[in-house]
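J.:
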Amino acid sequence: MSPAADDLLREEVRLLGGLLGEVIRDEGGDELFEQVEAVRQASVAYHRDPNSHPAGRLQKLLTAMTVDQAAGLAHGFALFSLLANIAEDRATRRRAKGQAEAGARPDTPEGALARLTEQGVDRAAVRALLEDGLVSPVLTAHPSEVRRKSVIDRIAAISGILDACDQAGLACAPDQLTARLRRQITILWATRLVRTQGLVVQDEIDTVVSFLDRIFLHVAPQQLGAWRRLLDAPDLQPFMRVGTWVGGDRDGNPNVDGAVLTAAFRSQSRAVLGFYMDEVHALGSELSLAAELTEVTPELQALADAARDPSPHRSDEPYRRALTGVYARLAATHEALAGAPPLRRAAVQADRYSGPDAFEADLRVLHDSLAARHGAVFEDDRLTDLITAVQIFGFHMATLDLRQNADVHERVVADLLRVAGVCPDYLALDEDGRMQVLARELTSARPLFSPYAEYDEETLKERAILQAAAQALSDFGPQAIRTHIVSKTDAASDLLEVYLLLKEVGLYRPEDPAACPIQAAPLFETIEDLRAAKPTLERLLREPSAMAVARARGVQEVMIGYSDSNKDGSYLTSGWELHEASRALVDVTQAAGLKLQLFHGRGGTVGRGGGSAFAGVLAQPEGTVQGRIRTTEQGEVIANKYGEPEIALRNLDALTCGAVLASLGQGRDQAFTAEHGRLLSALSQASMNAYRRLVYETDGFNDYYRAATPIAEIADLKIGSRPSSRSASPKIEDLRAIPWVFSWSQSRVMLPGWFGFGSAVEGRDMAELKAMAEAWPFFRTLVQNMEMVMAKADMTIARRYASLVPDPSLAARIYGEIRSEWDRTHAAVLAITGHDKLLGGQPELDRLIRLRMPYVEPLNHVQIELIRRRRNGDDDPRVREGILLAINGVAAGLRNSG
Ligand code: PGA
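In the working numbering, the protein residues as written are 19 to 916.
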C-alpha cells in the first residue's frame with residue numbers, strides 16, 4: 019500500500035473510531051468511555067512496541083471491572099473491530115481497483131487473457147474451455163458467521179455512506195457525512211450483537227436466498243455478458259452456476275428433511291420468479307413502442323395477440339401486450355412452483371410456462387423484433403440481461419446439492435435389504451460382499467421398499483428427502499439437483515448405495531442408468547480416505563451403473579475436504595495429501611475417458627483451507643481443473659466476498675480467471691512434484707506424526723483443550739441450525755471441524771493453521787525449502803497462508819488462556835509443547851521466507867493485521883476474565899452474555915475465524 023493509501027486508511031479508522039467514541043460517551047456514559055479509551059490506548063501502545071508497554075497493565079485494567087463494565091467494553095471493542103474492517107475493506111477495494119485499471123491483475127478477465135496471450139494461448143482456446151466449463155461457488159450454511167444480518171446491514175450502510183462520499187468528491191460536506199455515520203453507529207451501539215434465538219434451517223435458506231436475490235441474480239448475468247463480449251462469443255453457455263447446500267445438506271443436521279428441501283426450492287423459485295416478474299414489469303413500462311410508429315416481426319405480433327390483453331390503452335402497443343402475456347404466464351408459474359400467487363397479480367389469465375426455455379423463447383421473440391428493427395440500440399440492455407439471467411438461473415435459481423454421511427446410507431440400505439428379505443445383515447458384509455449385493459440390485463427394476471412394511475425412522479426420513487428431490491427435479495428440471503455428496507466416503511459401496519436409494523424413488527432406472535439426473539460424488543476428508551481415493555474411485559468406475567452416469571455427463575465429480583483432513587492430520591499433511599489425491603484422481607478419470615470435476619470443501623480460515631481462492635486454484639496440480647471447479651463458500655466468507663455487487667463480481671471473475679489460467683496456462687506443478695515430491699511426502703509424514711502425537715496421543719490433551727479454549731462456550735453462540743457435534747462423544751475425533759478451528763482461533767493459538775510444520779522441517783536444508791517456496795506455487799501458497807494465520811496468533815495471549823486450565827502442571831506441560839512447536843515453526847518460516855519477521859514480504863497485509871489487532875486483544879482479555887469467573891461458579895447470566903459478546907467480537911476482528 020502506498021503511504022498515501024495507508025494514510026487514508028488510518029484516517030478512516032480514526033474517523034469511525036472517533037465517532038464510535040462519541041457514541042459510547044453519549045450512550046454509555048463518561049465512565050465507560052474513559053475505560054474503553056484507557057484500554058484502547060494501552061492496547062495500541064502495546065502493539066506499537068510490546069517491550070515498552072507490558073501487557074500487564076491491560077490485564078489489570080480488565081480484571082478489576084464489574085461484569086457490566088466488561089460487557090460494555092466487549093461491545094465497544096467488537097464495534098471498533100467491525101468499523102476498522104469497513105475501512106480496511108475500502109482500502110483493499112481501492113487498491114484492487116487501481117491495479118485492475120492498470121491491467122496489472124491476472125485475476126481480472128483482461129489481465130488473465132493478457133497473461134495467456136503471452137503464453138501463446140488465444141481467445142478461441144478460452145472460448146472452447148468455457149463452452150464446456152463450470153465455475154461454481156456453492157453457498158453453504160456452515161456455522162462460522164457470527165454477525166447477525168442486522169449488523170451486516172449496518173456495516174453495509176456505513177460503507178455505502180463512505181462510498182457515496184467518495185463519488186461526491188468535494189461535494190461531500192463533512193458535517194453531513196459525520197451526522198449520517200453517527201446515526202448508523204448509534205443504531206449499531208444499541209443493536210444486540212449476539213443472537214438470543216437459535217437459527218432454524220428456514221433462516222439459513224432465507225439468508226442464502228437473500229444473497230442470491232440481491233447479488234447473484236444481478237452480477238452473474240453481468241459477468242457472463244462481459245465474458246461473452248470479451249471472447250466475442252455471444253452464445254457462450256453459462257459456465258457460472260451458483261450452488262447451494264442449504265436444505266439439502268443433512269450430514270449431522272437432523273433438522274433437514276424432505277419438507278425442508280421442498281421449502282428451499284419454493285423460497286428459491288419465489289425469489290427468482292419475483293425477480294423475472296419485476297424485470298418484465300419494468301420492461302413493460304419502458305417498451306411503449308406503438309405499432310403505428312415502428313414495425314415488429316410477425317412472431318412478436320403473434321405473441322402480442324396471444325396475450326389477449328383487454329386494455330384499450332395498450333391496444334396499439336405490441337411489446338407491452340406481449341409482456342402482459344409473458345407476465346401472466348410467469349404469474350401462473352409462480353403459483354404452481356412457489357406455492358402462492360405473486361403479490362402483483364397478472365392482468366390476464368394464462369397457462370404457466372412448461373419451463374425456463376419457453377420463457378426464454380418468448381423473451382427472444384421480443385429481443386429479435388427489437389433488434390430487427392432498431393439494431394444494436396437494444397443490445398446489452400435490461401432485456402438481454404434478463405435473457406442471460408434465465409439461462410443461468412432457470413426457475414430453480416441455484417443448483418442444490420444433497421449431502422449425507424456414508425454411515426447413514428449404510429444403515430438405510432441395510433434396513434431396506436433386510437425387510438425385503440434380500441440380505442439379512444448388509445452391515446456385516448465386507449466391501450466385496452456389499453458391492454455384489456448393490457450391483458445386483460441396481461440391475462433389478464423391482465424396488466425394495468414396501469408401503470406395508472415397517473422401517474426405521476431414519477430410513478423413512480431418507481426416503482422422504484429423496485422423494486422430495488425427485489419432485490423438485492420434475493418441477494424445476496435437471497439443473498435443480500445434480501449431485502449427491504457422500505461424507506466420509508471410504509469405499510465404492512458408499513456411492514453405489516446412493517444409486518440404490520435413488521432407484522427407490524425412480525431417479526435411477528436400471529434400463530437407462532445414463533438418464534439418472536443425480537451423480538453420487540465421494541467426499542474424501544480423512545488422511546486415510548484421501549490416500550485411498552484413487553483405488554476407491556477406480557473401483558467405483560468399474561461399476562457399469564456409476565460409469566454410465568459419469569459417461570452421460572462426461573464428468574465425475576469428487577469432493578475433497580480441507581477441514582477434516584487438517585483436523586485429522588495437520589496443516590501440512592492436509593495440504594499435501596489433498597494435492598496428491600487430486601493428482602491421482604486425474605489419472606483415474608482420464609483412464610476412464612472422463613473429466614475430473616473437483617469440488618473443494620473449504621472454509622474461510624487457513625485451518626479449513628482458507629486463503630486466496632485465486633492463488634489456491636493456480637496452485638492446483640495440472641489437469642485437475644480442466645475448466646471445471648466447484649468450491650464451497652461458507653459462513654463469514656459469503657458476506658465478505660459477495661456482500662456488495664462490485665466485490666462479488668470481482669470474486670466471481672477471480673475464480674473464473676483462476677480456473678482458466680489453471681486449465682490453459684503453463685503449469686509446472688508436475689515438474690516440481692517430480693523433483694520435490696519425495697521430500698514433501700517425508701515432511702508431511704513428520705508433520706502428521708508431531709500433530710497426532712500432541713492431539714491424539716498426549717495424556718490430558720483433551721482436558722487442556724477444553725479448558726484453555728472457549729470450546730464449551732462456542733456451542734452457545736447460536737450461529738447455525740446444526741448441532742456442533744455429530745454425536746454426544748467428547749472425543750476430539752467426533753468434534754466437527756468448525757468448532758475445533760474456531761476455538762483455537764479464539765484462544766489465538768491458531769493451532770490448525772501451522773502445528774507440525776516446525777517439527778517436519780527441523781534439520782532440513784532450509785535453502786532448499788526456500789528455493790522451493792520461491793518457485794513452486796503449491797508450496798509457496800502453503801507457506802504464505804501459514805504465515806498469514808501465524809500473524810494473527812499471539813502466544814502471550816495463548817498463555818493467558820492456558821492459565822484457565824485447573825491443573826497448572828498440565829497447563830505448563832501442554833502449553834510448553836505448543837510453544838516449542840510454535841518457536842520451531844516460526845523460525846522455519848522466517849528461514850524459508852528470508853525475512854526477519856512474519857509477513858515481512860507482505861507489508862500491506864502486515865499493516866492491515868497490525869491495525870486491527872489492538873481492537874481484538876482487549877476482547878481476548880475480557881473473554882478470559884469472564885470465563886474464569888463463570889468457571890469459578892459465577893452464574894450471573896450477564897457473565898455468560900459477556901463471554902459470548904467477547905467471542906463474537908474476536909471472531910469479527912479476526913475476520914476468518916471459523
Ligand atoms: P463438515 O464441514 O463438518 O460439514 O463436513 C467441515 C468444514 O467445512 O469445516
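Beta carbons: idealized from backbone N, C-alpha and C, even for Gly.
Please find out if some non-hydrogen atom of ligand 1 comes closer than 6 Å to the beta-carbon of R754.
T.: The answer is yes for R754.
J.: At 4 residues or longer, and completely inside the segment 100-161: list those alpha helix (DSSP H) runs for me, N to C.
T.: Runs found: 127-136 and 141-149.
J.: Per DSSP, which residues does K613 bridge with? Please list them.
T.: Answer is V573, bridged to K613.
J.: How many angstroms separate the CA atom of L942 from the CA atom of L857?
T.: Because the chain here runs from 19 to 916, residue 942 falls outside it and cannot be looked at.
J.: Using the C-alpha atoms, what's the distance from Q489 back to T851?
T.: Distance between the alpha carbons of T851 and Q489: 55 Å.
J.: Once DSSP output is grouped into helix, strand and coil, what is the label at M415?
T.: It is coil, neither helix nor strand.
J.: Okay, do the segment 664-677 and the segment 119-127 touch, 3+ Cβ pairs below 8 Å being the bar?
T.: Enough Cβ pairs lie closer than 8 Å, so yes.
J.: For S588, is the beta carbon positioned less than 6 Å from some heavy atom of ligand 1?
T.: False, no ligand heavy atom lies under 6 Å from that Cβ.
J.: Under three-state DSSP, which class holds L856?
T.: L856: coil per DSSP, three-state reduction.
J.: Just the C-alpha distance for I176 and G641, rounded to the nearest angstrom, thanks.
T.: The straight-line gap from Cα to Cα measures roughly 44 Å.
J.: Is the segment 151-166 touching the segment 894-914, taking contact as three or more C-beta pairs under 8 Å?
T.: Judged by Cβ distances under 8 Å, the segment 151-166 makes contact with the segment 894-914, as three or more pairs qualify.
J.: Please determine whether the Cβ atom of G917 lies at a distance below 6 Å from any heavy atom of ligand 1.
T.: No statement about residue 917 is possible, as the shown extent of the chain runs from 19 to 916 and does not include it.
J.: List the endpoints of the continuous beta strand (DSSP E) containing R740.
T.: That residue, R740, is in no beta strand (DSSP E); it is neither H nor E in DSSP.
J.: What does the Cβ neighbour count give for S329, buried or exposed, with the cut at 16 atoms within 10 Å?
T.: Its Cβ having fewer than 16 others within 10 Å, S329 is exposed.
J.: Pick helix, strand or coil for S763, following the three-state DSSP scheme.
T.: S763 falls in the helix class under three-state DSSP.
J.: Beta carbon of G621: closer than 6 Å to some heavy atom of ligand 2?
T.: Looking at this structure, you won't find ligand 2 anywhere; what it does contain is ligand 1.
J.: What is the DSSP secondary structure of N720, counted as helix, strand or coil?
T.: Helix, per DSSP.
J.: Can you tell me the Cα-Cα spacing of D398 and L242, whole angstroms?
T.: Their backbone Cα atoms lie some 11 Å apart in a straight line.
J.: According to DSSP, is N906 helix, strand or coil?
T.: N906 falls in the helix class under three-state DSSP.
J.: Could you spell out where the alpha helix (DSSP H) holding E792 opens and where it closes?
T.: Unbroken alpha helix (DSSP H) run through E792: M784 to A793.
J.: Assuming R259 contacts T417 (C-beta within less than 8 Å), just tell me the rounded distance between them.
T.: The pair is a contact, with the Cβ atoms about 6 Å apart (cut-off 8 Å).
J.: Taking only the alpha-carbon atoms, compute the straight-line gap between V169 and L341 and give it to the nearest angstrom.
T.: V169 and L341: Cα-Cα distance of roughly 39 Å.
J.: Mind checking which residues open and close the beta strand (DSSP E) that includes L420?
T.: From DSSP, the beta strand (DSSP E) with L420 extends over L420 to N423.
J.: Confirm, please, whether the CB-CB distance from A130 to L679 is below 7 Å.
T.: In this structure, A130 lies closer than 7 Å to L679 by Cβ.
J.: Alpha carbon to alpha carbon, what distance is there between F95 and R818?
T.: Each residue's Cα considered, the two are about 19 Å apart.
J.: Could you tell me whether the Cβ of A146 comes closer than 7 Å to any Cβ of chain C?
T.: The chain labelled as chain C is not found in the depicted structure, where only one protein chain is given.
J.: In whole angstroms, give me the CA-to-CA distance for F51 and R870.
T.: Taking the straight line from one Cα to the other gives about 20 Å.
J.: Please determine, among V85, F719 and L37, the residue with the shortest C-alpha to C-alpha distance to D893.
T.: When only C-alpha atoms are compared, the closest one is V85.
J.: Please report how far the alpha carbon of E515 lies from the alpha carbon of Q652, in whole angstroms.
T.: In a straight line, the C-alpha of E515 is about 28 Å away from that of Q652.
J.: Cβ of H160 within 6 Å of any heavy atom in ligand 1?
T.: At least one heavy atom of ligand 1 is nearer than 6 Å to the Cβ of H160, so yes.
J.: If you measure between the beta carbons of G8 and A510, is that distance less than 7 Å?
T.: Here the chain covers residues 19 to 916 and nothing more, so residue 8 does not appear.
J.: Does DSSP classify V504 as helix, strand or coil?
T.: Three-state DSSP puts V504 in a strand.
J.: Hey, V779 and A791 are a contact pair by Cβ (cut 8 Å); roughly how many whole angstroms apart?
T.: With 8 Å as the limit, V779 and A791 do not qualify as a contact, their Cβ atoms being about 11 Å apart.
J.: Report the option in R865, Q881 and K810 whose CA atom is closest to the CA atom of N914.
T.: Residue K810 is the option with its Cα nearest to N914.
J.: In chain order, what residues of the same chain have a beta carbon less than 6 Å from the beta carbon of A568, not counting five sequence neighbours either side?
T.: Within the same chain, A568 has close Cβ partners Q574 and L612.
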